[in-house]
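Engineer:
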């Protein structure tokens, strides 16, 4: 009979292995990695001392709701390299869920980059439609693509 896989620990999980010496007996114990992060993450909104505040337990299931509750934001003044005139832009980043930390989502919070991302997506769609029409042209005849401001229209 083969051993059950239910007691195996997934490789992605971090465990701490301890060798305990208790009364001459040697015992190996595996403990899961748990972190305690302490600090004032209220951005100055909370007046009570740290010792009197409630602890917040965070796991993969409630991360987004805890992040939305804390309402983290970053305000930066950065050089506007797209304008190339040496001007500066005030940028506000707001994070409500873990996906807001992805590079494309961060870029979408900057108006100039949001416009460039929209244009990139339109060009990708245009290229896809062009390839689709090019492939279908052999069967049906001509295929016309009209690219108007932020809209793609395909006529076959």
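Numbering (the numbering used here), first residue to last: 3 to 158.
Don't be surprised by glycine CBs; every beta carbon is placed ideally from N, CA and C.
#1: Which same chain residues end up closer than 8 Å to residue 152 when comparing Cβ atoms and leaving out the 5 residues on each side of it in sequence?
#2: Using a Cβ-Cβ cut-off of 8 Å, state whether residue 83 counts as contacting chain D.
#3: Are residue 75 and residue 95 close, meaning C-beta to C-beta below 8 Å?
#4: May I have the straight-line CA-CA distance separating residue 67 from residue 106, to the nearest angstrom?
#5: Please report how far the alpha carbon of residue 63 lies from the alpha carbon of residue 99, in whole angstroms.
#6: Start and end of the beta strand (DSSP E) containing residue 34?
#7: Which residues bound the beta strand (DSSP E) around residue 22?
#8: Would the beta-carbon of residue 22 fall within 8 Å of that of residue 31?
#9: Hey, how far is the Cα of residue 42 from the Cα of residue 71?
#10: Among 61, 65, 40 and 45, which residue has its Cα nearest to the Cα of residue 54?
#11: Among 101, 114, 104 and 73, which one has its Cα closest to the Cα of residue 86?
#12: So, with DSSP's three-state summary, where would you put residue 96?
#13: How many whole angstroms separate the CB atoms of residue 92 and residue 79, which I take to be in contact at a CB cut-off of 8 Å?
#14: Quick check on the DSSP output: the beta strand (DSSP E) that includes residue 1 runs from which residue to which?
Structural biologist: Looking at the coordinates:
#1: Confidence at residue 152 is low in this model, with a pLDDT of 49, below 50, so the placement of that residue is unreliable and no value is reported for it.
#2: Judged by its chain identifiers, the structure shown contains no chain D, having just a single protein chain.
#3: A distance below 8 Å separates the beta carbons of residue 75 and residue 95.
#4: Near 21 Å, if we compare the C-alpha coordinates of residue 106 and residue 67.
#5: Their Cα atoms are separated by approximately 12 Å.
#6: Membership of residue 34 in the beta strand (DSSP E) is indicated by the continuous run 27-34.
#7: Taken as a continuous stretch (DSSP letters only), the beta strand (DSSP E) holding residue 22 covers 17-24.
#8: The criterion of a C-beta distance shorter than 8 Å is satisfied by residue 22 and residue 31.
#9: One C-alpha to the other measures close to 14 Å.
#10: It is 40 whose Cα lies nearest to the Cα of residue 54.
#11: Ranking the options by Cα distance to residue 86, first place goes to 114.
#12: Under the three-state reduction of DSSP output, residue 96 falls in the strand class.
#13: 5 Å between Cβ atoms; contact.
#14: It is not possible to answer for residue 1, since the shown part of the chain is limited to 3 through 158.
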